[in-house]
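S.K.: Below are the structure tokens for one structure; questions will follow.
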Amino acid sequence: MIRRETVMIKNSLDIAADTVEMTLHNSYLSKNAIPGQFLHILVEGHTLRRPISIADVNNEEETITIIFKKLGSGTKCLSAYEIGMTLDVLGPNGNGFLLESKDSTLLLVGGGVGVPPLHYLGKKASEKGVEVVSILGFQNKESVFYEEKFKQFGKTIVVTNDGSYGERGYVTDFVQTIGPFDSYYSCGPAPMLHALTKKLEGHRGYISLEERMTCGIGACFACVIPTSDQLSYRKICADGPVFSAKEVVL
Amino acid sequence: MIRRETVMIKNSLDIAADTVEMTLHNSYLSKNAIPGQFLHILVEGHTLRRPISIADVNNEEETITIIFKKLGSGTKCLSAYEIGMTLDVLGPNGNGFLLESKDSTLLLVGGGVGVPPLHYLGKKASEKGVEVVSILGFQNKESVFYEEKFKQFGKTIVVTNDGSYGERGYVTDFVQTIGPFDSYYSCGPAPMLHALTKKLEGHRGYISLEERMTCGIGACFACVIPTSDQLSYRKICADGPVFSAKEVVL
Amino acid sequence: MMDLSVQLPGLQLKNPIMPASGCFGFGKEYSQFYDLSKLGAIIMKAATGEERYGNETPRVAETPSGMLNAIGLQNPGVQKIIENEVPFLANYDTSIIANISGSSIEEYQFVASSFNQTADVHAIELNISCPNVKEGGIQFGTDPLMAARVTEIVKSVSDLPVYVKLSPNVSNIKTIAKAVESAGADGLSMINTLTGMQIHLPTKMPVLANQTGGLSGPAIKPIAIRMIYEVKQQISIPIIGMGGISNAEDVLEFLLAGADAVAVGTANFQNPFICSEIIDDLPTVLQKYGFSSVQDVASFAKRGVTI
Amino acid sequence: MMDLSVQLPGLQLKNPIMPASGCFGFGKEYSQFYDLSKLGAIIMKAATGEERYGNETPRVAETPSGMLNAIGLQNPGVQKIIENEVPFLANYDTSIIANISGSSIEEYQFVASSFNQTADVHAIELNISCPNVKEGGIQFGTDPLMAARVTEIVKSVSDLPVYVKLSPNVSNIKTIAKAVESAGADGLSMINTLTGMQIHLPTKMPVLANQTGGLSGPAIKPIAIRMIYEVKQQISIPIIGMGGISNAEDVLEFLLAGADAVAVGTANFQNPFICSEIIDDLPTVLQKYGFSSVQDVASFAKRGVTI
Ligand SMILES: Cc1cc2nc3c(=O)[nH]c(=O)nc-3n(C[C@H](O)[C@H](O)[C@H](O)COP(=O)(O)OP(=O)(O)OC[C@H]3O[C@@H](n4cnc5c(N)ncnc54)[C@H](O)[C@@H]3O)c2cc1C
Ligand SMILES: Cc1cc2nc3c(=O)[nH]c(=O)nc-3n(C[C@H](O)[C@H](O)[C@H](O)COP(=O)(O)OP(=O)(O)OC[C@H]3O[C@@H](n4cnc5c(N)ncnc54)[C@H](O)[C@@H]3O)c2cc1C
Ligand SMILES: Cc1cc2nc3c(=O)[nH]c(=O)nc-3n(C[C@H](O)[C@H](O)[C@H](O)COP(=O)(O)O)c2cc1C
Ligand SMILES: Cc1cc2nc3c(=O)[nH]c(=O)nc-3n(C[C@H](O)[C@H](O)[C@H](O)COP(=O)(O)O)c2cc1C
Ligand code: FES
Ligand code: FES
């Protein structure tokens, strides 16, 4: 159930270019969040909340980790919050990734700030003994984060657009180099998801989408996306953000 | 000359009901401010700056003291600034009180948050060897501040509207009980200034006025007041806030 | 306990607070946060004759102290709303107001008469202020004659009281208000959003796929207050006020300006509990400023001290 | 150094930034903060035929991301402005624009012809959007015929280019824009303030002595952008854009919407250095979004990519 919770900032760290990792203490959220869900975060001086994915949960410490890029005024302002300060968040929002029970190998494909939700998913899958292979795409060397963490789950390929770190190119250039897998899970910019779902058309896949949001709980119709048959629609905030790759029109 | 300066909050103290004393470090302002001038303070999240009088200056420490009442959203927000934080202020604004060179006895009459500017004036006059008599009016016991400080300058009568501290009544009830004085200087709510200037009609007097301000530097015509002859006007922010009691229509 | 009740045509409100149309869906999502019976009323999202998909995304943008939206009246159509949404809301002890919209007089007529046969709907909010709604190229909401005509026709098919929701995008709101009052409106609802635009610098294109959208939130509050104040002096039907309300002080400001009840829109997105919290805070705020009930504020405003 | 220059009728601007009328007085106060020669132009405070005292105080109020003002055109009258204010500004290497206002066609005519004989004034901004300015009870700024008439008459007595300043308080800004263009306007200036009100809870009265006032500041920016975007497609004369500008990104947003130059109003009150700072920041911002000059942005906007 979505609740409005106060979270306390336990840590805030620059982990890559313009990229901040924040650790938030909150008992309810740490107990209830599943991978792929997001927090809807109120940032002082801003009308609308900002949706940010849950990148990790630590049950013992009762913390949730988020990772976000300083893009516009809201995320810049959020990055200026200091340790010890509190935030007003709604959460956990959205449906989250559901692991297929019979999967033995997963492919994770993340691009930029699409990487964070896949981290918590990979961790959960890995804990269940599923083999996790990851392809992580970033703009350049300075933007890379969490490579070591994904390596703990299994084989991890890092791709940068300019080749300044790892492989050069796009994540889609590398999905063929991976052995067989049962399902893929992906999050990243729309063009990446578009190319990826096309390339992996035969496979069972799940994608997490982004859209400008208002309520974040399914009430306002800000974040709809048409279903593949064009006959209906889904609300990304409430029916998603995770969809089966076949369900919606990208 | 008015400058835009960054000041550092060195101290912030609740000194009476909803009344905050803040000590601000800034070299330029401490060197240049005279009694009766004000700072035009930018408060985060607010379109307009807030005018607040200079209540004291410490030349050695290079600090300025302001005293303000938490009334609306701006002063509430200002009171939440913590020690070590900085403020963007314009200052010193306005003309300030000019001491008549031949005065040997001054009467200061302050009401509520009109008391602060008189403090710095009293201190300066006292340093020059002028005798200072003060009548300070407050709503009630909880609102009284700076009595001890004024007592250091000379005889001080504290008046509260409800009689919960000092004398009961209005400051105007006590101006007759004071011996002879050369000039009076007053700051406080408009009705008080109105009653006082009427009561002391024969005397040389100076009053400091308040009005809603925008620019605070004389450019926008927000804060005008008609002159006594009704033929002209003054800008409170730039021509004032201090006027000869005969100069303007209250 | 302070009496917050308000009597309006067709509406016995326990308090003057209701969520604004389009900012509360059909209530379901917010029912997980608090008991909807607490609300004075609920204004449902706009209903049209048939299902509508609405505009392309992005549909929303953030602005200083406000937001733009161009949802485009997405809704499942009046029949599905009556079948699936009204019964859910009818479980709560609160009044239900149906916001109706259309692209033609006939569509308005159809939607209004559909709700007319629905037991649990207490009033109609007639949205003549949506930018999508034009006939002969003119918006109903900006032309007094058109506004009066659609009001008359909806009144003619409706036994429910009709609150006409006015557009602020007009030169003279008083003329429109008087026109719809003469046409039989039981009340007014004001204001809807102001048309605005934001340009996205990286793409150099409007942020909203629809290019323009409706500006709402605290930014527009001074305009809402002015319009309500102006209109109140010209009419004798009640006004449901809205536009930027985000706390109980704002509610009192609207009541003093001449509103009889208020709706809260954009603020629900920032704080889903806002209507409930405002209802809790209202007695303290009224008392602080010397009022003993909501009716007391209304009488004060009527005595013409502010107006 | 990036080329920020803009050529407009009568105005060779070294950059597109100028303080907006009424928000910079006659420049003197701001000259203590920076060299006014840095500015593209200066728009002076409104001038009327005779000295005006303006409205009672309070004249200003703060609103969410904005403010209300009801200064009421206080000014020393056109003669004193020409004698005392223009010579001071003429010391600076910047263009001077005279904002003119009046209560009648005759007054406009008088003020315009007075400035016409003044060597140092480069253009006239014709303020038809001030709430005080009515003839026959109708504001010039909200009626296309009246707007055209006053434009024609001012043009007939003026050799200076005339920029007509439009009111946003209208149902259809395009109609007014086209009307004044046909009447001979050399350019437009938009937008003036939106009429608003705030009620002071302790006194239960409007904060402003004048009751209503003009809303300005970031709150109205989306409305300004929308109106400029709409109007640009209908006319071929240049637009000086304004309404809520407070940084260089805002300037680029206005240029992309269709403004040829911009004015900065309310932001001067928060930061007296704002125009100077925006001029410093503009090259970096233009570059960041791929532009090599202000002219480059204008060409881009004209190619119709945004418009
Ligand atoms: C379900 C979901 C999960 C997300 N998870 C993450 C994450 O883990 N890390 C991360 O860095 N980013 C994430 N994003 C994107 C993040 O929400 C935006 O980067 C952020 O809202 C931008 O805000 P801003 O104030 O910096 O930008 P501004 O451009 O100033 O924002 C203006 C408005 O647009 C919205 N907006 C702008 N860009 C986006 C976007 N890409 N998606 C949705 N809304 C946007 C803002 O929320 C705001 O309402 C997620 C988005 C969604 C929908
Ligand atoms: C020259 C001058 C010196 C002042 N010195 C002091 C002082 O030393 N200590 C002190 O406590 N107060 C002083 N005041 C009053 C102080 O400026 C106001 O109390 C303060 O601006 C209120 O702001 P707010 O956000 O709390 O109230 P709000 O009501 O939220 O403010 C809304 C707007 O109204 C203006 N405003 C409201 N009340 C006043 C007022 N009384 N005078 C001027 N503007 C007002 C605010 O500046 C703001 O623009 C002085 C005022 C002036 C003009
Ligand atoms: C996302 C959104 C959707 C809206 N949908 C509708 C609608 O369907 N019908 C309607 O009459 N008004 C609609 N409105 C307008 C609101 O009901 C309200 O009049 C306006 O937003 C001003 O109030 P606020 O500032 O409190 O939001 C919508 C507003 C928003 C922000
Ligand atoms: C205090 C004040 C005084 C103004 N006086 C005038 C004026 O005399 N003539 C005029 O045409 N516009 C006047 N305006 C309107 C501004 O020039 C400008 O059009 C408007 O404020 C929008 O810009 P902004 O949001 O940057 O302030 C005034 C605005 C303010 C805030
Ligand atoms: S953001 Fe409101 S429905 Fe998704
Ligand atoms: S506040 Fe602008 S002239 Fe005084």
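Chains as they are written, first to last, in the UniProt record's numbering: chain A, 1 to 250; chain B, 1 to 250; chain C, 1 to 307; chain D, 1 to 307.
From the three backbone atoms N, C-alpha and C, an ideal C-beta is built for every residue, glycine too.
For the stretch 217 to 232 of chain C, enumerate the residues whose C-beta is nearer than 7 Å to any C-beta of chain D, in chain order.
M.R.: P218, A219, K221, P222, I223, I225, R226, Y229
S.K.: Is N268(D) near ligand 4 - that is, is its Cβ less than 6 Å away from at least one heavy atom of it?
M.R.: Against the fourth sequence, residue 268(D) aligns to sequence position 268. Because no heavy atom of ligand 4 lies under 6 Å away, the Cβ of N268(D) does not count as near it: no.
S.K.: Could you tell me the boundaries of the alpha helix (DSSP H) in which V111(C) lies?
M.R.: Residue numbering aside, residue 111(C) sits at position 111 when the third sequence is read from its first letter. 105 to 116 is the span of the alpha helix (DSSP H), which, as asked, contains V111(C).
S.K.: Would you decide whether I274(D) is buried or exposed? Buried here means 16 or more other CB atoms lie within 10 Å of its CB.
M.R.: For the purposes of this step, residue 274(D) is identified with residue 274 of the fourth sequence, where counting begins at 1. Buried, because 16 or more other Cβ atoms sit within 10 Å of the Cβ of I274(D).
S.K.: Which residues in chain C sit within 8 Å of Y28(A), going by Cβ to Cβ distance?
M.R.: As a first step, residue 28(A) must be located in the first sequence, where it is residue number 28. Under the 8 Å cutoff, chain C gives no residues; its nearest Cβ is about 14 Å from Y28(A).
S.K.: Nearest to G49(D) by alpha carbon, out of E83(D), N210(D), P76(D)?
M.R.: On the fourth sequence, position 49 is the one that residue 49(D) refers to. The shortest Cα separation from G49(D) among E83(D), N210(D), P76(D) belongs to P76(D).
S.K.: Curious, which full-length alpha helix (DSSP H) runs of at least 4 residues does the stretch 29 to 86 of chain B contain?
M.R.: 73 to 79
S.K.: Looking at chain D, is there any beta carbon in it that lies within less than 7 Å of the beta carbon of T142(C)?
M.R.: Here residue 142(C) corresponds to residue number 142 of the third sequence, with the count starting at 1. Yes, its Cβ sits closer than 7 Å to a Cβ of chain D.
S.K.: So the candidates are N161(A), L107(A), L29(A), C77(A); which of them puts its Cα closest to the Cα of F150(A)?
M.R.: As a first step, residue 150(A) is located in the first sequence; it is residue number 150 there, counting from the start. Of the listed residues, the one whose Cα sits closest to F150(A) is L107(A).
S.K.: Helix, strand or coil for A70(C)? Go by DSSP, reduced to three states.
M.R.: Stepping through the third sequence from its first residue, residue 70(C) is reached at position 70. Correct three-state label for A70(C): coil.
S.K.: Straight-line CA distance for L13(B) to E82(B)?
M.R.: On the second sequence, residue 13(B) is found 13 positions in, with the first residue counted as 1. On the second sequence, residue 82(B) is found 82 positions in, with the first residue counted as 1. Spanning the alpha carbons of L13(B) and E82(B) requires a straight line of approximately 10 Å.
S.K.: What does the alpha-carbon distance come out to for the pair V20(B) and S53(B)?
M.R.: Taking the first residue of the second sequence as position 1, residue 20(B) is located at position 20. Taking the first residue of the second sequence as position 1, residue 53(B) is located at position 53. If you take the alpha carbons of V20(B) and S53(B), they lie about 13 Å apart.
S.K.: When the Cα atoms are used, what is the spatial distance from Y163(D) to P206(C)?
M.R.: Indexing the fourth sequence from 1 puts residue 163(D) at position 163. Indexing the third sequence from 1 puts residue 206(C) at position 206. For Y163(D) and P206(C), the distance between alpha carbons rounds to 27 Å.
S.K.: So does K69(A) have its beta carbon nearer than 6 Å to some heavy atom of ligand 1?
M.R.: By 1-based counting over the first sequence, the position of residue 69(A) is 69. Checking the Cβ of K69(A) against ligand 1 gives yes.
S.K.: Check the DSSP bridge columns for M197(C) and list the partner residues they point to.
M.R.: In the third sequence, counting from the first residue as 1, residue 197(C) sits at position 197. Per DSSP, T212(C).
S.K.: Measure the CB-CB distance between P9(C) and G187(C) and report whether it falls below 7 Å.
M.R.: Start at 1 with the first residue of the third sequence, and residue 9(C) comes out as number 9. Start at 1 with the first residue of the third sequence, and residue 187(C) comes out as number 187. Cβ distance < 7 Å, so P9(C) and G187(C) count as in contact.
S.K.: Between the C-alpha atoms of G22(D) and Q295(C), what's the straight-line distance to the nearest angstrom?
M.R.: For this step, residue 22(D) is matched to residue 22 along the fourth sequence. For this step, residue 295(C) is matched to residue 295 along the third sequence. G22(D) and Q295(C): Cα-Cα distance of roughly 42 Å.
S.K.: Would a check of beta-carbon distances place G137(C) closer than 7 Å to chain A?
M.R.: Mapped onto the third sequence, residue 137(C) falls at position 137. Only weak support is given to the placement of G137(C): the predicted model assigns it a pLDDT of 49, under 50, and the value that follows is read from those uncertain coordinates. Chain A contact via Cβ: absent.
S.K.: So, D18(B) versus K69(B), is the Cβ gap smaller than 7 Å?
M.R.: Working through the second sequence from its first residue, we reach residue 18(B) at position 18. Working through the second sequence from its first residue, we reach residue 69(B) at position 69. Cβ distance < 7 Å, so D18(B) and K69(B) count as in contact.
S.K.: Where do the N-terminal and C-terminal ends of the alpha helix (DSSP H) with D280(D) fall, by residue?
M.R.: One-based indexing of the fourth sequence puts residue 280(D) at position 280. Segment 274 to 288, the alpha helix (DSSP H) holding D280(D).
S.K.: Could you check where the alpha helix (DSSP H) with K124(A) kicks off and where it finishes?
M.R.: One-based indexing of the first sequence puts residue 124(A) at position 124. Counting along the chain, the alpha helix (DSSP H) containing K124(A) begins and ends at 115 to 127.
S.K.: Does the CB of G49(D) have a neighbour CB from chain B at under 7 Å?
M.R.: Numbered from its first residue, the fourth sequence carries residue 49(D) at position 49. Interface with chain B (7 Å Cβ-Cβ cutoff): G49(D) is excluded.
S.K.: Between M2(C) and ligand 6, is the CB less than 6 Å from at least one heavy atom?
M.R.: Taking the first residue of the third sequence as 1, we reach residue 2(C) at position 2. M2(C): no, Cβ never under 6 Å from ligand 6.
S.K.: Give the straight-line distance between the Cα atoms of E167(A) and P191(A), rounded to the nearest whole angstrom.
M.R.: One-based indexing of the first sequence puts residue 167(A) at position 167. One-based indexing of the first sequence puts residue 191(A) at position 191. So the alpha carbons of these two residues sit roughly 19 Å apart.
S.K.: Under 6 Å: does the beta carbon of C23(D) sit that close to some heavy atom of ligand 6?
M.R.: The residue labelled residue 23(D) in the question sits at position 23 within the fourth sequence. For ligand 6, not one heavy atom lies less than 6 Å from the Cβ of C23(D).
S.K.: By Cβ distance below 7 Å, which residues in the same chain neighbour Y92(C) in space, the five residues on each side in sequence not counted?
M.R.: Residue mapping note: residue 92(C) aligns to position 92 of the third sequence, counting from 1. Closer than 7 Å at Cβ, skipping near neighbours: L36, S37.
S.K.: Is the stretch 21 to 35 of chain B touching the stretch 111 to 129 of chain B in the sense that three or more CB pairs, one from each, lie closer than 8 Å?
M.R.: yes
S.K.: Put T57(D) into one of helix, strand or coil per three-state DSSP.
M.R.: Start at 1 with the first residue of the fourth sequence, and residue 57(D) comes out as number 57. Reduced to three states, the DSSP call for T57(D) is coil.
S.K.: Alpha helix (DSSP H) containing F138(A): first to last residue?
M.R.: As a working mapping, residue 138(A) is identified with position 138 in the first sequence. Here F138(A) belongs to no alpha helix (DSSP H); instead the beta strand (DSSP E) covers 131 to 138.
S.K.: Three-state secondary structure (DSSP) at G137(C)?
M.R.: Here residue 137(C) is taken as the residue at index 137 of the third sequence, counted from 1. At G137(C), the pLDDT of 49 sits below 50, so the modelled position is not reliable and the matter cannot be decided from this model.
S.K.: Indicate whether the contact test is met: 3 or more Cβ pairs, each with one atom in the stretch 225 to 237 of chain B and one in the stretch 266 to 284 of chain C, closer than 8 Å.
M.R.: No, the stretch 225 to 237 of chain B does not touch the stretch 266 to 284 of chain C.
S.K.: Pull up the distance between the alpha-carbon of M227(C) and that of G213(D), whole angstroms please.
M.R.: Taking the first residue of the third sequence as position 1, residue 227(C) is located at position 227. Taking the first residue of the fourth sequence as position 1, residue 213(D) is located at position 213. Computed Cα separation, rounded: 12 Å.
S.K.: Verify the contact flag: residue 251(A), CB atom, against every heavy atom of ligand 1, threshold strictly below 6 Å.
M.R.: A query on residue 251(A) cannot be resolved here, the shown segment of chain A reaching from 1 to 250 and no further.
S.K.: Tell me, please, whether the CB atom of R52(D) is closer than 7 Å to any CB atom in chain B?
M.R.: Working through the fourth sequence from its first residue, we reach residue 52(D) at position 52. Chain B, which has no Cβ nearer than 7 Å to the Cβ of R52(D), makes this no.
S.K.: Can you name, in chain order, every residue of its own chain whose Cβ lies under 6 Å from the Cβ of S27(A), other than the five neighbours on each side?
M.R.: Translated into positions along the first sequence, residue 27(A) becomes position 27. Excluding positions up to five away in sequence, the list reads E62.
S.K.: Ligand 2 and residue 272(B): does the residue's C-beta get closer than 6 Å to at least one heavy atom of that ligand?
M.R.: Outside the shown range of chain B, which is 1 to 250, sits residue 272(B), and nothing can be said about it.
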